[in-house]
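Q: Residue numbers (full-length UniProt numbering): 1 to 190.
1) Taking just the CA atoms, how far does residue 176 sit from residue 94?
2) Would you check if the distance between the CB atom of residue 48 and the CB atom of residue 84 is smaller than 8 Å?
3) How close, in whole Å, do the beta carbons of residue 69 and residue 92 come, if the pair is a contact with beta carbons under 8 Å?
4) According to the Cβ coordinates, are residue 113 and residue 23 closer than 8 Å?
5) Rounded to the nearest angstrom, how far is the Cβ of residue 90 from that of residue 141, given a contact under 8 Å?
6) The alpha helix (DSSP H) spanning residue 30 covers which residue range?
7) Given this structure, state the Cα-to-Cα distance separating residue 127 from residue 67, to the nearest angstrom.
8) In the structure shown, what three-state DSSP assignment does residue 98 receive?
9) What first and last residue would you give for the alpha helix (DSSP H) that runs through residue 7?
10) For residue 155, which residues in the same chain have their Cβ closer than 7 Å to its Cβ, ignoring the five residues on either side in sequence?
11) Pull up the distance between the alpha-carbon of residue 146 and that of residue 190, whole angstroms please.
12) If we ignore side chains and look at the alpha-carbon of each, how far apart do residue 157 and residue 26 end up?
13) In three-state terms, what does DSSP make of residue 86?
14) DSSP state of residue 119, grouped into three classes?
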């Protein structure tokens, strides 16, 4: 099993070596090029991805504009969780910002692990809770915090790779501000 994925899983729950082998057998290694999509809106999102290496974003379209809602990089999970959990059509795209190496698990294999390994339900619950908290926190910040503070919070909390390698247009969209405002804030801070 990939050491980073194993570390993430074991930080949530404990598993025997046999259970780890079973979990490992449910993940598939995949490679994607920059700009490729892991998941498309209008289709059912059937996978959760663990990024071994790379950078990806979740976004939706509003009035023809791309609105970035989530950014993830090395050792992070990414999915269109609502579509995945409900097995309903996704309103989001998941796109690689740069080349990505990922491990993916399908909805069916998640269900298999829930049935076979009782502690796996804890992993699923924690991932869902973390996603919910991230989204709730983002909504609160978008509505209540001034743009400069949003950016400073982003700088303090996001992984360095996301800060350094994500195009500013995606960061501005994620923060709910215009690229021009982000440029002014960046000049003001430096």
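Glycine is no exception: its CB is placed at the ideal position from the N, C-alpha and C atoms.
A: So, to answer that:
1) Taking the chain shown and counting its residues from 1, the one referred to as residue 94 is at position 94. Taking the chain shown and counting its residues from 1, the one referred to as residue 176 is at position 176. Whole-angstrom Cα-Cα distance: 18 Å.
2) Looking up residue 48 in the chain shown gives position 48. Looking up residue 84 in the chain shown gives position 84. In contact: residue 48 and residue 84 (Cβ atoms closer than 8 Å).
3) By one-based count along the chain shown, residue 69 stands at place 69. By one-based count along the chain shown, residue 92 stands at place 92. About 7 Å; that satisfies the 8 Å criterion.
4) Position 113 of the chain shown, counted from the first residue, corresponds to residue 113. Position 23 of the chain shown, counted from the first residue, corresponds to residue 23. Taking 8 Å as the Cβ cut-off, residue 113 and residue 23 qualify as a contacting pair.
5) For the purposes of this step, residue 90 is identified with residue 90 of the chain shown, where counting begins at 1. For the purposes of this step, residue 141 is identified with residue 141 of the chain shown, where counting begins at 1. Wrong, their Cβ atoms sit about 24 Å apart, outside the cutoff.
6) Numbered from its first residue, the chain shown carries residue 30 at position 30. No alpha helix (DSSP H) holds residue 30; the beta strand (DSSP E) holding it covers 28-32.
7) By 1-based counting over the chain shown, the position of residue 127 is 127. By 1-based counting over the chain shown, the position of residue 67 is 67. The alpha-carbon atoms of residue 127 and residue 67 are separated by roughly 23 Å.
8) Taking the first residue of the chain shown as position 1, residue 98 is located at position 98. In this structure, residue 98 counts as coil in the three-state DSSP scheme.
9) On the chain shown, position 7 is the one that residue 7 refers to. 3-10 is the span of the alpha helix (DSSP H), which, as asked, contains residue 7.
10) Mapped onto the chain shown, residue 155 falls at position 155. 163.
11) If you number the chain shown from 1, residue 146 lands on position 146. If you number the chain shown from 1, residue 190 lands on position 190. So the two alpha carbons sit approximately 18 Å from each other.
12) Locating residue 157 in the chain shown gives position 157, where the first residue counts as 1. Locating residue 26 in the chain shown gives position 26, where the first residue counts as 1. Distance between the alpha carbons of residue 157 and residue 26: 31 Å.
13) Residue 86 sits at position 86 when you count from the first residue of the chain shown. In the structure shown, residue 86 sits in a helix (DSSP, three-state: H, G or I).
14) Numbered from its first residue, the chain shown carries residue 119 at position 119. If DSSP states are grouped into helix, strand and coil, residue 119 belongs with coil.
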